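**Student:** If you scroll down you'll find the structure; I have some questions about it.
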Amino acid sequence: MSDTRTTTGADSVKIADKTVSRIAFGAMRLADSAIWGPPGDRDHSIRLARKAVELGVDHIDTADSYGLGTVEEILREALHPYPDHLLIATKIGQVQPRPGEWVPVGHPAFLRHQCEMSLRRLDVDRIDLLYLHRVDANVPFADQVGAMKELQDEGKIAHFGLSEVGQKQIEDARAIVDVAAVQNIYNLSTRLWDDVVEYCTRERVPFVPWFPIMNGELAQSGGVVAEIAAETGATPAQIALAWLLARADMICPIPGTSSIAHLKENVEASSLRLTDTQISRLSEPSAGLAGQ
């Protein structure tokens, strides 16, 4: 394989009618450490959100359940009125009955209620991109998607997305409403959704991987990630993000952090170029795990 330097693809992608940089900001960590309530230092979270936009981030991802609505409120306080170029995506259809427990709730009336609360907290008349956070197995899928389509028809959401879904569910949803983006877990260590990545790339649907870094495993020494980090002078997190950008041109990672330093590091990963050989080494099934 050629060892010439390989670009990570286009630096931007069109999502929900907005052209945005491919590395976005996942805002979950603007809440407390348990993602259950407000942060200990609200001013820091506000500064972090503002710094993301200052650094060129133009796509921010959140959810109504993050901090029980706290994160949406912080984004409003930090960034409202929102710049025209800024895409703010949020998610409904999942609740936290207690810290660390996430439960899908897809009853149409509840989805409508959650949407109305997100509109209020974000202080907008229409949400740029609203995801069904999780599919509720106890409610017909068509009813959940249909409820989102009604919200779109009423002008409350501009675009609709799906999270943690397979190809069949995407196709079923597309028979009812346009699917503007798909958000599944995907990273060097977790590649269960390879088929969805391929489908989205083929269909030109943006694929938004959540949990794109897996820092705990990447930080270990002795693995391929550590080796390539040493070769490039980049951090393991930057290697993980650069691999995702090279994996497919429709991939738009949403790394989250509570650290301004890590935020800068993540944004800078967009300029990292890996060689074909490095991408091949990272693409081996065990590349995300040290010492394998």
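Numbering of the sequence shown is given in the numbering used here, commencing with residue 205 and proceeding in unit increments.
Backbone N, C-alpha and C define an ideal beta-carbon position, used for all residues, glycine too.
Here the structure is a predicted model, which is why all the values come from computation and not from measurement.
Classify Arg226 as helix, strand or coil using the three-state DSSP reduction.
**Tutor:** Three-state result, Arg226: coil.
**Student:** On the DSSP bridge assignment, give the partners of Lys218 in chain order.
**Tutor:** DSSP, once it has assigned bridges, lists Thr223 as partnering Lys218.
**Student:** If contacts are defined as beta-carbon pairs under 8 angstroms, then Gly365 and Tyr335 qualify, I think. What distance do you get, rounded to the angstrom?
**Tutor:** At roughly 4 angstroms, the Cβ-Cβ gap stays under 8 angstroms, so Gly365 and Tyr335 are in contact.
**Student:** In this structure, what does DSSP give as the bridge partners for Val299?
**Tutor:** DSSP, once it has assigned bridges, lists Val307 as partnering Val299.
**Student:** Going by the DSSP bridge assignment, what does Asp265 pair with across the sheet?
**Tutor:** Its beta-bridge partners are Gly230, Ala293.
**Student:** Report, in whole angstroms, the separation of the C-beta atoms of Ala385 and Pro410, which I expect to be a contact under 8 angstroms.
**Tutor:** With 8 angstroms as the limit, Ala385 and Pro410 qualify as a contact, their Cβ atoms being about 4 angstroms apart.
**Student:** Taking the C-alpha atoms as reference points, what is the distance between Ile432 and Gln482?
**Tutor:** Cα to Cα, Ile432 sits roughly 7 angstroms from Gln482.
**Student:** How would you write the range of the beta strand (DSSP E) that Tyr403 sits in, first residue to last?
**Tutor:** First-last for Tyr403: 398 to 407, but that is the alpha helix (DSSP H), not the beta strand (DSSP E).
**Student:** DSSP on Gln496, reduced to helix/strand/coil?
**Tutor:** Note that Gln496 scores 34 on pLDDT, short of 50, meaning its location in the model is unreliable; the coordinates nonetheless yield the value given after this. Looking at Gln496 - three-state DSSP - the assignment turns out to be coil, as it is neither helix nor strand.
**Student:** Would you check if the distance between the CB atom of Cys538 and the CB atom of Leu355 is smaller than 8 angstroms?
**Tutor:** Because the chain here runs from 205 to 496, residue 538 falls outside it and cannot be looked at.
**Student:** Here's a check: name, in chain order, each residue in its chain whose Cβ is nearer than 7 angstroms to the Cβ of Arg330, leaving out the five neighbours to either side.
**Tutor:** Excluding sequence neighbours, Arg330 sits near Gly359, Lys360, Ile361, Ala362.
**Student:** Count Cβ pairs between the segment 464 to 473 and the segment 426 to 446 that sit closer than 8 angstroms; are there 3 or more?
**Tutor:** The segment 464 to 473 vs the segment 426 to 446: in contact.
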